[in-house]
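Working notes, structure below.
Following this line, the structure appears as structure tokens:
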């Protein structure tokens, strides 16, 4: 959640502010760590723009190993459940899929306090783990996790999916269509801001890319993305003059992609930049 740069954090922040503007009281429960990093660097309690933020625990291992991430997820599940139970009754709980299966807390609040539960599916687990080769679909681990996923979906009041393909996958799991809504991801308002009237762009000047063709990939460099295609395109571009490639963002596969391209492209042809602040997205 805010001020994290992860996409789910930003969407949650946008939603929280919209609900606030419509007159609702909003409380967010999140981790004290930035996504994918270790260490408690964010305050345990704060109120920002009228939104109460409660942060529990921290990531001890970040993304260094799958076992470490599983431990971090389990610790957050336990701490978030305890904190949610201590809150006064909420009318609605909106649960993400970071970490996976956290919506069971919303179901618990539904049973114990009558809170309606909305499961906002940013990822489909364990399906995505099969797609990236981390798990076999015929394994016992997959069957257990798939059962848990279906159980959670059946016991939520509403599911929100990102598009029609995700909706089709959810319906194929036996979920009734009436409980599934499509809300596509959106671009933040800051991304629509006009550039300077003279066409100047501070980032092109910083990257010394004025007068050439600049290609950019901006966002997450995750296990589920097709970087073989991007890497092949960059290698071809590096063979041509008058072009550059900017890789902006972060994720588990970014460093390996940058290293693979370093030996193929001359200095300055591949630009490596971290996630950018929202106010600079345009």
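In the numbering used here, the protein residues as written are 15 to 296.
Where a beta carbon is used, it is the ideal one built from N, C-alpha and C, also for glycine.
Spatially closest choice to residue i from the options, by CA coordinates
i: residue 92; options: 119, 219, 134; result: 119
i: residue 105; options: 112, 94, 124, 97; result: 124
i: residue 86; options: 98, 112, 68; result: 112
i: residue 268; options: 242, 253, 283; result: 242
i: residue 43; options: 57, 231, 181; result: 57
i: residue 278; options: 263, 218, 246; result: 246
i: residue 235; options: 289, 27, 218, 196; result: 289
i: residue 10; options: 96, 51, 28, 15; result: What the structure shows of the chain is the stretch from 15 to 296, and residue 10 is not part of that stretch, so it cannot be assessed.
i: residue 263; options: 253, 233, 255; result: 233
i: residue 101; options: 215, 39, 256; result: 39
i: residue 256; options: 36, 244, 226; result: 226
i: residue 137; options: 114, 149, 126, 150; result: 114
Distance between residue j and residue i (C-alpha atoms, nearest Å)
i: residue 165; j: residue 158; result: 11 Å
i: residue 41; j: residue 250; result: 49 Å
i: residue 291; j: residue 154; result: 42 Å
i: residue 24; j: residue 83; result: 21 Å
i: residue 167; j: residue 103; result: 22 Å
i: residue 287; j: residue 128; result: 46 Å
i: residue 152; j: residue 175; result: 25 Å
i: residue 275; j: residue 240; result: 15 Å
i: residue 273; j: residue 231; result: 16 Å
i: residue 99; j: residue 160; result: 26 Å
i: residue 18; j: residue 198; result: 20 Å
i: residue 170; j: residue 270; result: 39 Å
i: residue 219; j: residue 51; result: 31 Å
i: residue 132; j: residue 283; result: 45 Å
i: residue 187; j: residue 244; result: 32 Å
i: residue 293; j: residue 72; result: 27 Å
i: residue 28; j: residue 204; result: 11 Å
i: residue 253; j: residue 217; result: 24 Å
i: residue 121; j: residue 96; result: 14 Å
i: residue 147; j: residue 266; result: 15 Å
i: residue 215; j: residue 261; result: 17 Å
i: residue 36; j: residue 130; result: 18 Å
Whole-number beta carbon distance between residue j and residue i, since they are thought to touch under 8 Å
i: residue 135; j: residue 173; result: 6 Å
i: residue 295; j: residue 191; result: Actually they do not touch by this definition, with Cβ atoms about 35 Å apart.
i: residue 156; j: residue 144; result: 6 Å
i: residue 107; j: residue 139; result: Contact doesn't hold; Cβ gap of about 19 Å is too wide.
i: residue 55; j: residue 46; result: 7 Å
Delimiting residues of the beta strand (DSSP E) encompassing residue i
i: residue 264; result: 257-264
i: residue 231; result: 227-234
i: residue 69; result: 65-70
i: residue 116; result: Per DSSP, residue 116 belongs to no beta strand (DSSP E) and is neither H nor E.
i: residue 60; result: 59-62
i: residue 194; result: 194-196
i: residue 170; result: Element bounds for residue 170: n/a, residue is neither H nor E.
i: residue 107; result: 106-109
i: residue 144; result: It is not in any beta strand (DSSP E) - residue 144 instead sits in the alpha helix (DSSP H) that spans 141-145.
i: residue 130; result: 130-134
Test item: CB-CB of residue i and residue j under 8 Å
i: residue 285; j: residue 200; result: no
i: residue 34; j: residue 65; result: yes
i: residue 237; j: residue 258; result: no
i: residue 63; j: residue 32; result: no
i: residue 49; j: residue 88; result: no
i: residue 110; j: residue 22; result: yes
i: residue 116; j: residue 94; result: yes
i: residue 189; j: residue 178; result: no
i: residue 194; j: residue 183; result: no
Extent of the continuous alpha helix (DSSP H) to which residue i belongs
i: residue 34; result: 21-35
i: residue 285; result: First-last for residue 285: 284-287, but that is the beta strand (DSSP E), not the alpha helix (DSSP H).
i: residue 270; result: 268-276
i: residue 44; result: That residue, residue 44, is in no alpha helix (DSSP H); its beta strand (DSSP E) goes 41-45.
i: residue 220; result: 216-220
i: residue 244; result: 241-252
i: residue 186; result: 178-186
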